[in-house]
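Structure, as C-alpha cells:
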Amino acid sequence: MIDLFQGVSDYCRLVVPEAHKLPIAVVGAGGIVDGQHLPAYKLAGLEVVGITDVNLDRAREVAARHGIPCVYPRLDELLADERVRVVDIAVPVAYQPPIFRAAVAAGKNILAQKPFTTEPETARELAALASEAGVVAAVNQQLRFDEGIAAAHRMVELGWLGELTTFTLSVNAFTDWTQWNWAQAMERLEIMVHSIHYHDTVRWFMGEPSSVYAVAGRVPGQFPVGETRTTSSYRFPDGSSALVYANHMNPGGDNTAEFRIEGTRGAIRGTLGLMYDYPDGRPDTLEVTSTVVGTDGWVPYPVTQRWFPHAFIGTMGSVLEGIATGSSPRSAVNDNVKTVELVAALYRSMESNEVVHLERTSRVE
Ligand SMILES: NC(=O)c1ccc[n+]([C@@H]2O[C@H](COP(=O)([O-])OP(=O)(O)OC[C@H]3O[C@@H](n4cnc5c(N)ncnc54)[C@H](O)[C@@H]3O)[C@@H](O)[C@H]2O)c1
4 MIDLFQGVSD YCRLVVPEAH KLPIAVVGAG GIVDGQHLPA YKLAGLEVVG ITDVNLDRAR
64 EVAARHGIPC VYPRLDELLA DERVRVVDIA VPVAYQPPIF RAAVAAGKNI LAQKPFTTEP
124 ETARELAALA SEAGVVAAVN QQLRFDEGIA AAHRMVELGW LGELTTFTLS VNAFTDWTQW
184 NWAQAMERLE IMVHSIHYHD TVRWFMGEPS SVYAVAGRVP GQFPVGETRT TSSYRFPDGS
244 SALVYANHMN PGGDNTAEFR IEGTRGAIRG TLGLMYDYPD GRPDTLEVTS TVVGTDGWVP
304 YPVTQRWFPH AFIGTMGSVL EGIATGSSPR SAVNDNVKTV ELVAALYRSM ESNEVVHLER
364 TSRVE
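Numbering (my numbering), first residue to last: 4 to 368.
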C-alpha cells in the first residue's frame with residue numbers, strides 16, 4: 004500500500020536542480036526572511052548574493068547571521084547588480100507594488116510576498132507589467148508547497164476523490180499581532196495577511212467561485228483595528244461549496260487547524276501543523292479514503308516536511324524552474340490576481356453583509 008503514495012511524494016519533493024539555481028537578492032530583512040526564507044534557501048543550496056532593508060542595521064544583522072556577502076544601502080543598487088536574477092520581495096504590502104514595478108523595469112524575475120497588493124486593479128497592472136517585460140513573477144503563496152496540502156492536491160489531481168464536492172478548513176489559534184507594527188492600523192487584516200493562504204488554496208483545489216459570503220469578528224481590547232476572526236463561505240458554479248473559518252484570538256490554548264476535502268469517491272482529512280505552535284509548528288497530518296484506489300478505509304500519508312520553512316523552497320524553486328524551463332510557477336502572479344480579486348470580494352461581502360457574485364464584480368473593482 005505504501006507504493007500507492009510514491010507518485011504523490013515525488014510531486015511533493017522540494018529539491019531545486021543545480022541547473023535551475025540562479026543568484027537571488029532579498030528586499031526586506033524582517034521576521035519572515037530571517038526565520039523562513041533564508042533557512043529554506045540554505046537547505047536547498049540556493050545562492051543569496053545580497054539583501055537590503057530600509058533599516059540597514061537590521062539588514063546587516065540578518066546578512067551576518069545567514070552569511071550573505073552584500074548589504075545594498077539602497078534598492079536601486081540591488082537592482083543594478085547584474086548578478087541578481089531573482090528579486091525576493093518581503094516587505095509590508097503597502098511597499099510591495101513600487102518595489103515590484105522597479106524590479107520589472109530592471110528586468111529582474113520576482114518572487115513577491117503575499118499579498119503582493121491589496122488592490123485588484125494594481126494586481127492586474129503588476130501582472131501585465133511582468134508579462135510584457137517577459138520576466139517570471141510569482142507570489143509567495145507557499146501553502147501550495149506545504150506537504151500536507153500539496154499531497155492532497157496531487158491525490159485530487161490523480162482522481163482519487165472523484166468529483167470534488169466540498170473543501171472545509173477551520174483554524175483556532177492565538178496570534179500575537181504585536182509582533183507586526185505595520186498590521187496594527189490595517190482595517191482589512193485577517194484575510195489580507197493570513198487567510199489569503201487558505202483562500203488561495205481553496206481556489207487551487209476548487210477553481211473560481213461564483214459567489215462568496217463572509218463575516219468578520221473582533222475581540223474587545225485587541226491590538227489591531229482590523230478583523231481577527233473570519234468566516235467565509237463559497238458557492239461554485241457546479242453546486243459544490245467551501246468554508247474557511249479562521250480564528251486568531253483563541254483564548255483556550257487548544258489550537259487546532261483542520262481541513263477536509265470530500266469528493267464523490269473519497270475524502271481527505273488533515274491538519275496544518277504550523278498553526279498548532281506558530282512559527283515553530285509540527286508536521287502536518289494527512290489521511291485519505293478512496294474507492295478509486297481501494298484504500299479500505301482511512302490510510303495515513305507520511306508527511307515528512309513542514310510548511311515553515313520547507314515550503315519556501317517550493318515557491319522560490321518554482322520561479323527558478325520557470326526561468327530555466329519556461330514553465331508557469333505554481334503560484335504565478337497571473338493566477339494570484341484572482342486570489343487578490345477573491346480577497347477583495349470577501350471584504351466587500353463582510354462590509355456590505357451581502358453575497359458577492361464574482362463574475363459580476365471581480366472585473367470592476
Ligand atoms: N507565510 C508567509 O508567507 C508570511 C508570513 C509572515 C509574513 N509574510 C509577509 O512578509 C512580509 C514581511 O513580513 P515580516 O513578518 O517579515 O514583517 P517584519 O515587520 O518583521 O519585517 C518587515 C521588514 O521590511 C522592512 N521594510 C519596510 N519597508 C521597506 C522598504 N520599502 N524597503 C525595504 N525594506 C522595507 C522593515 O524595515 C522590516 O525589516 C509582509 O508582506 C507579510 O505579509 C508572509
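Don't be surprised by glycine CBs; every beta carbon is placed ideally from N, CA and C. What you are looking at is a predicted structure, and each value in this text was computed from that prediction instead of being measured.
Rounded separation between residue i and residue j - CA only
| i | j | result |
| --- | --- | --- |
| W183 | G297 | 47 Å |
| V359 | V196 | 21 Å |
| E357 | R127 | 25 Å |
| M158 | A97 | 37 Å |
| R363 | E160 | Confidence at R363 is low in this model, with a pLDDT of 47, below 50, so its placement is unreliable and the value that follows should be read with caution. Their Cα atoms are separated by approximately 29 Å. |
| E122 | G300 | 45 Å |
| R232 | R147 | 22 Å |
| V215 | V343 | 14 Å |
| I271 | R263 | 6 Å |
| A106 | P303 | 43 Å |
| A347 | L192 | 12 Å |
| G266 | E64 | 49 Å |
| V57 | G70 | 19 Å |
| V367 | W310 | Note on V367: pLDDT 29, under 50, position unreliable in the model; the coordinate value appears next. Spanning the two alpha carbons is a distance of roughly 34 Å. |
| P305 | A141 | 29 Å |
| A43 | G224 | 36 Å |
| H156 | S12 | 11 Å |
Beta-carbon proximity of residue i to residue j, cut-off 8 Å
| i | j | result |
| --- | --- | --- |
| E211 | K45 | no |
| V174 | N250 | yes |
| T294 | R268 | yes |
| K117 | H23 | no |
| L114 | V322 | yes |
| A130 | V291 | no |
| A3 | L82 | With the chain covering 4 to 368 only, the question about residue 3 has no answer from this structure. |
| P240 | W185 | no |
| Q144 | D203 | yes |
| G320 | L17 | yes |
| V52 | A28 | yes |
| I92 | V138 | no |
Residue burial classification, residue i (beta-carbon count within 10 angstroms, cutoff 16)
| i | result |
| --- | --- |
| Q9 | exposed |
| I5 | exposed |
| S365 | The predicted model places S365 with a pLDDT of 37, which falls under 50 and marks its position as unreliable, so this point remains unresolved. |
| N339 | buried |
| T307 | exposed |
| D179 | exposed |
| V228 | exposed |
| A188 | exposed |
| T120 | buried |
| E324 | buried |
| T181 | exposed |
| G151 | buried |
| S330 | exposed |
| D79 | exposed |
Where residue i falls: helix, strand or coil (DSSP)
| i | result |
| --- | --- |
| A130 | helix |
| D149 | coil |
| A188 | coil |
| P303 | strand |
| N339 | helix |
| D91 | strand |
| Y98 | helix |
| S365 | Because S365 sits at a pLDDT of 37, beneath the cut-off of 50, its placement in the model cannot be relied upon, and the following sentence gives the value as read from the coordinates. In this structure, S365 counts as coil in the three-state DSSP scheme. |
| Y350 | helix |
| R272 | strand |
Distance cut-off 7 Å: residue i Cβ against heavy atoms of ligand 1
| i | result |
| --- | --- |
| K117 | yes |
| L275 | no |
| R88 | no |
| T125 | no |
| D56 | yes |
| G31 | yes |
| R351 | no |
| I71 | no |
| W185 | yes |
| Q145 | yes |
| L78 | yes |
| P95 | yes |
| Y98 | yes |
| V36 | yes |
| R61 | yes |
| V196 | yes |
Residue i Cβ short of 7 Å to ligand 2 heavy atom set
| i | result |
| --- | --- |
| V343 | Among the ligands present in this structure, namely ligand 1, ligand 2 is not found. |
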